[in-house]
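Novice: The working numbering numbers the first residue of the sequence shown as 35 and each following residue consecutively. Ideal Cβ positions, reconstructed from N, Cα and C, are used throughout, including at glycine.
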Amino acid sequence: MNTQFKLIFTTCKDEPEARALARALVEKKLAACVNVLPNIGSIYMWEGEIAEATETKLLIKTKLDKMNDVFLTIKELHSYEVPEIQVVEVSTGNLAYFNWMDEVLN
């Protein structure tokens, strides 16, 4: 089974920023649901140096036809110069959940 549904990951500098972004995506009907996972430890390379930060991860549940608007909203509201935006293809799952997402996002 191949679906039209996508899971988009992004990471925010803190929980207030993440919650504001999540709320904006749901209010605009760009996401059916956004999980907010606070206190994620991140180690990454930035400007030639290894950096460490405590961030908040968002798991954004959306559809293919909303994806570009999700990207634009993240870029517009995000404080990072280069925000993480990664998309995971959703190949299968609970049909009732997919029906709920479809209803919410239309």
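Within 10 angstroms of the Cβ of Lys97, are there 16 or more other Cβ atoms? Answer buried if so, exposed if not.
Specialist: The count along the sequence shown starts at 1 and reaches residue 97 at position 63. Buried is the call here.
Novice: Along the alpha helix (DSSP H) that carries Asn128, what are the first and last residues, could you check?
Specialist: What you label residue 128 is simply residue 94 of the sequence shown in a count that begins at 1. That residue, Asn128, is in no alpha helix (DSSP H); it is neither H nor E in DSSP.
Novice: Could you tell me the alpha carbon to alpha carbon distance between Lys100 and Val116, rounded to whole angstroms?
Specialist: Looking up residue 100 in the sequence shown gives position 66. Looking up residue 116 in the sequence shown gives position 82. Those two C-alpha atoms are separated by around 21 Å.
Novice: Using only the alpha-carbon positions, how far apart do Leu111 and Thr44 sit?
Specialist: In the sequence shown, counting from the first residue as 1, residue 111 sits at position 77. In the sequence shown, counting from the first residue as 1, residue 44 sits at position 10. Answer to the nearest angstrom: the Cα atoms are 12 Å apart.
Novice: Pick helix, strand or coil for Asn102, following the three-state DSSP scheme.
Specialist: As a working note, residue 102 is residue 68 in the sequence shown. Asn102 falls in the helix class under three-state DSSP.
Novice: Using a threshold of 8 Å, state whether the C-beta atoms of Ile74 and Ile84 are closer than that.
Specialist: As a working note, residue 74 is residue 40 in the sequence shown. As a working note, residue 84 is residue 50 in the sequence shown. Taking 8 Å as the Cβ cut-off, Ile74 and Ile84 do not qualify as a contacting pair.
Novice: If I measure Cβ to Cβ from Val121 and keep anything under 6 Å in the same chain, skipping five residues before and after, which residues do I get?
Specialist: To locate residue 121, count along the sequence shown from 1; it is residue 87. Result list for Val121: Lys40 and Ile42, in chain order.
Novice: Less than 8 Å between C-beta atoms, sequence neighbours within five positions excluded: which residues of the same chain meet that for Val124?
Specialist: By 1-based counting over the sequence shown, the position of residue 124 is 90. These residues qualify, in order along the chain: Thr37, Phe39, Lys40 and Leu41.
Novice: For a quick check, are the C-beta atoms of Leu92 and Ala58 less than 8 Å apart?
Specialist: As a working mapping, residue 92 is identified with position 58 in the sequence shown. As a working mapping, residue 58 is identified with position 24 in the sequence shown. No; because the gap between Cβ atoms is not below 8 Å, this pair is not in contact.
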